[in-house]
Amino acid sequence: MGYFPDSDSKDFDSIKFEPAIRNNLYFFTKRQMVEEAIEDNCFLIVGTRGRKKKVDFYLWSSFRIDTVKKDENRYNAYGTGFNFEQPILLNELPGFNEFKSACANFVTFQNVSKHQFSKLLIKFAENASSAYAKRS
14 MGYFPDSDSK DFDSIKFEPA IRNNLYFFTK RQMVEEAIED NCFLIVGTRG RKKKVDFYLW
74 SSFRIDTVKK DENRYNAYGT GFNFEQPILL NELPGFNEFK SACANFVTFQ NVSKHQFSKL
134 LIKFAENASS AYAKRS
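Just so we're aligned: 28 in our numbering is position 15 of the sequence shown, and the numbers increase by one with no gaps anywhere.
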């Protein structure tokens with residue numbers, strides 16, 4: 014098992030992020046369509062094998078894509094946002110299985126704005142962002 018994103022930990026139960034808005038988040042993809050997502054919100058969903066051998070999916074981070082730079086055969090997307098203080102388990106939420114299927118199990122970057130479940134992700138992000146801004 015590898016390390017979790019933006020963490021030095023291999024143990025999910027020890028993950029707890031600083032509740033802060035950051036301007037140094039990024040990811041990379043081979044999908045050129047990320048260039049069309051500048052100024053849009055982006056969500057990182059992380060899957061981890063749970064104790065019952067099933068994959069648990071967590072809403073890990075949210076950020077606005079500010080810039081995209083092409084680097085050889087990949088696109089690097091940079092933005093402002095945050096990691097959720099404690100990643101949010103998505104598996105049991107209504108509509109998640111349909112969302113996961115529509116997103117091909119989250120194997121790559123894709124536009125999810127037209128899916129009903131994305132409204133819940135936006136609400137989670139807005140609530141966390143407001144709370145983090147108040148702490149600053």
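Beta carbons are placed, not taken as given, at the ideal position from N, Cα and C, and that holds for glycine.
Since we're looking at a predicted model, the values are computed, not measured.
*Three-state secondary structure (DSSP) at Q99?*
strand
_As an exercise, report each continuous beta strand (DSSP E) stretch of at least 3 residues that is fully enclosed by the stretch 59–100, in chain order._
68–84
*Exposed unless 16 or more other CB atoms sit within 10 angstroms - verdict on P107*: exposed
*Counting along the chain, where does the beta strand (DSSP E) carrying N13 start and finish?*
Nothing can be reported for residue 13: it is not among the residues displayed for the chain, which extend from 14 to 149.
*By a C-beta neighbour count over all protein chains shown, 10 Å radius and 16 as the cutoff for buried, is L102 buried or exposed?*
exposed
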